[in-house]
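Here the sequence shown stands for residues 2 to 115, numbered as in this note's numbering. We put the beta carbon where it would ideally sit given N, CA and C, even for glycine. Just below is one structure, and these are the notes that go with it.
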Amino acid sequence: MTMQDTRRPADPALDALDTRILGEVAEMLREVIGEEYVVDMEITMDTSFNEDLELESIEFVTLADRMRVTYGDMVDFVGFLAEMDVDRVINMRVGEVVRFIADSLRAHEPAPGA
Numbered sequence: 002m003t004m005q006d007t008r009r010p011a012d013p014a015l016d017a018l019d020t021r022i023l024g025e026v027a028e029m030l031r032e033v034i035g036e037e038y039v040v041d042m043e044i045t046m047d048t049s050f051n052e053d054l055e056l057e058s059i060e061f062v063t064l065a066d067r068m069r070v071t072y073g074d075m076v077d078f079v080g081f082l083a084e085m086d087v088d089r090v091i092n093m094r095v096g097e098v099v100r101f102i103a104d105s106l107r108a109h110e111p112a113p114g115a
């Protein structure tokens, strides 16, 4: 499997926006974690931040900052996390973040014909 293959989602139900965001989030995670084991890891919608990626809290903060830089004010990741209890954050999967980002971006798209 090549690096390009690891960035393709396995879920055919994902639309183009979800697929793009999954690739962007996976790349951010690889940069933030920086560990050798994650470079070749397939990051999918089902990948867990805690069990699979072993994301430390400081890495999560760095990821949130990169998302803010990438997506701007359209995606309130801190607000998204603030609504969750600790157990939910600990058990969160990449797909939850991808869907949140996609929903946030769609909410800021201009209405058709506008």
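For residue i, count neighbouring Cβ atoms within 10 angstroms of its own Cβ and tell me buried if that reaches 16, exposed if not.
i     : result
Ala27 : buried
Asp19 : buried
Gly80 : exposed
Ile34 : buried
Met46 : buried
Looking at C-alpha atoms only, which residue of the options is the closest neighbour of residue i?
i      : options                         : result
Asp104 : Gly80, Val95, Leu82 and Met75   : Met75
Val90  : Ala65, Glu110, His109 and Tyr72 : Ala65
Val95  : Glu36, Ile59, Thr63 and Asp53   : Asp53
Leu82  : Leu56, Glu97 and His109         : Glu97
Could you tell me the alpha carbon to alpha carbon distance between residue i and residue j, rounded to whole angstroms?
i      : j      : result
Ile44  : Tyr38  : 12 Å
Pro68  : Phe78  : Here the sequence assigns Met to residue 68, which means Pro is not the residue at that position. So the two alpha carbons sit approximately 8 Å from each other.
Leu106 : Phe61  : 21 Å
Ser49  : Arg100 : 14 Å
Val87  : Met93  : 10 Å
Val70  : Met29  : 11 Å
Glu57  : Tyr72  : 22 Å
Arg31  : Gly24  : 11 Å
Asn51  : Glu84  : 18 Å
Pro111 : Val40  : 36 Å
Tell me which same chain residues have a C-beta within less than 6 Å of the C-beta of residue i, skipping the five on either side of it?
i     : result
Ile22 : Val99, Ile102 and Ala103
If I follow the unbroken alpha helix (DSSP H) through residue i, where does it start and stop?
i     : result
Asp66 : Ser58 to Tyr72
Phe78 : Phe78 to Ala83
Arg94 : First-last for Arg94: undefined, no H or E at that position.
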